[in-house]
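These protein sequence lines map, in sequence, to chains A and B. For the first sequence, the UniProt record's numbering begins at 1 and goes up steadily by one. For the second sequence, the UniProt record's numbering begins at 1 and goes up steadily by one.
There are 2 protein chains.
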Amino acid sequence: MHGISLDRYDLAILSVLQKNSALTNSELGERVSLSPSQCSRRKARLEAEGVIKGYSARLDANSLGFGLRAITRVNLKAHGESMDDDFVTLLTKHAMVREAYSVSGDADYVLHVIAKDLTEFSDFIHHHLLPHPNVTQVRSEIILRSMKEEQGLPMPK
Amino acid sequence: MHGISLDRYDLAILSVLQKNSALTNSELGERVSLSPSQCSRRKARLEAEGVIKGYSARLDANSLGFGLRAITRVNLKAHGESMDDDFVTLLTKHAMVREAYSVSGDADYVLHVIAKDLTEFSDFIHHHLLPHPNVTQVRSEIILRSMKEEQGLPMPK
DNA sequence: CCAAATAGCGCACAGCTTGTGCGCAACTGG
DNA sequence: CCAGTTGCGCACAAGCTGTGCGCTATTTGG
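Given below as structure tokens:
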């Protein structure tokens, strides 16, 4: 899962498609100095290799009525295999939890939570997260403003 | 920026496109029970309204050689308008900083940082973040495992 | 309560895009 | 030095996109 070699054309294509995947192969070709047909072939290859995992529409959170986002750190009581599984199930079940990471540091898990408003967020914390038998501590930072939000990855080298 | 009314077809289209924006209007139409032409029109409208902000390729971090991700909390000394600006410039300049949020809570900013490895990450923290005159404290949680990583948003109602 | 206006639909079609076959040129290894 | 391989652009068939059109259902206004 690591032995794929990407030349400068591949990196250029990935960089452009990451910002805008709705471009035609002609437009893409112009930007990376390659013919449309070759763009098509390289795109197909990058998809097959798994470098491109898929294509998504980026949606506007406010238009959909989500006004609140937060970074929530969670500490657990025990760290047995099955203990965590039960907690992970909780995370998976709730659509409000957009990202959940097992981390090394002060906390055990870090979540990125999205909600309609503070009430909905508070409900989630107090009625679902804190009552869980394995949760010992929950600390949240409410997002006030997004300074930077790059979708995707930087280009290496 | 909030008065847009979306019917069930719009929500269905958004939900599908968020998962896979490479579908043709025919395929999209099948899934949401609408003709291709109508899908095309609604898509165009949702783009114009700003509900769809754009289209992106999802890339594989490992293929590009990024093995380390972290959530980093930063505290600043002063909170003047211009003080923050200078710090924000630092964040914008570094491609390693993928997301940066101004937050309310224990910290002032929360960052989502991506790096090749621990060395590169440590370099960033010690040679760029901590030396900044306005930074007073930096605390990081290294991501061990991603339990959930929804790209995009849940569908309301 | 009914008529006019509006909004939203599918169909048809012109123009454009996609992806493959092909021939060519540039490297690669024996 | 030469056969094999790789990667390129061109050309073209198949398929997709987006707009004009006519139709129907819903809304508006008198």
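Glycine residues also receive a C-beta, built at the ideal position from the N, C-alpha and C atoms. Computed from a predicted model, the values in this text were never measured in an experiment.
Distance check between D117 of chain A and each of B:E141, B:P156, B:N134 places B:P156 closest, using alpha-carbon atoms only.
Assigned with DSSP and collapsed to three states, I142 of chain A falls in strand. DSSP places K19 of chain B in the uninterrupted alpha helix (DSSP H) bounded by 8–19.
A residue is called buried when at least 16 other Cβ atoms come within 10 angstroms of its Cβ; E149 of chain B does not meet this threshold and is exposed. Under the Cβ distance rule, Y9 of chain B does not count among the residues neighbouring chain A, no pair being separated by less than 8 Å. When beta bridges are read from the DSSP output, A100 of chain B appears opposite A:K148, B:L111. When rounded, the separation of the alpha-carbon atoms in G65 of chain A and P154 of chain B is 11 Å. For chain A, the residues of the segment 82–112 of chain B that bring a beta carbon within less than 8 Å of one of its beta carbons are V88, L91, T92, A95, M96, V97, R98, E99, A100, Y101, S102, V103, S104, G105, D106, A107, Y109, V110, in chain order. Counting every other CB atom within 10 Å of its CB across the protein chains shown gives S56 of chain B a total of 16 or more, marking it as buried. DSSP places A95 of chain A outside any alpha helix (DSSP H), giving it a letter other than H or E. Within the same chain, Cβ atoms closer than 7 Å to the Cβ of D10 of chain A are found at R42, L46, the five residues on either side in sequence being excluded. Among the residues of chain A, those whose CB is under 9 Å from the CB of I143 of chain B are Y101, S102, V103, S104, V110, following chain order. Against chain B, the CB of I71 of chain A has a partner CB under 8 Å away; the residue lies at that interface. L59 of chain B is bridged by DSSP to A:I52. Judged by DSSP in its simplified three-state form, A78 of chain B adopts coil rather than helix or strand. Below 8 Å, too few C-beta pairs join the segment 90–108 of chain B and the segment 93–107 of chain A to call them touching: fewer than three.
Ranking B:T24, B:A12, B:A44 by CA distance to the CA of S33 of chain B puts B:A12 first. DSSP, read as helix, strand or coil, puts L153 of chain A in coil. A direct Cα-to-Cα measurement between V103 of chain B and P131 of chain A gives close to 25 Å.
Residues of the segment 35–67 of chain B with a C-beta less than 8 Å from any C-beta of chain A: E49, G50, V51, I52, K53, G54, Y55, S56, A57, R58, L59, D60, A61, N62, S63, L64, G65, F66, listed in chain order. The residue among B:S37, B:D7, B:D84 with its C-alpha nearest the C-alpha of T136 of chain B is B:D84. Taking CB atoms only, G29 of chain A has no neighbour in chain B less than 8 Å away.
Rounded to whole angstroms, the separation of the alpha carbons of Y101 of chain A and R145 of chain B is 6 Å. Among the bridge pairs identified by DSSP, A70 of chain B is matched with B:V113, B:I142.
Within chain B, the C-beta atoms nearer than 7 Å to that of E149 of chain A come from E99, in chain order. At a beta-carbon threshold of 7 Å, the residues of chain A lying near L17 of chain B are A57, ordered along the chain.
Counted as a single uninterrupted DSSP element, the alpha helix (DSSP H) harbouring S26 of chain A occupies residues 25–32. Membership of L118 of chain B in the alpha helix (DSSP H) is indicated by the continuous run 118–124. Inclusion of D106 of chain B and R139 of chain A in the CB contact set at 8 Å is warranted, their separation being smaller than that value.
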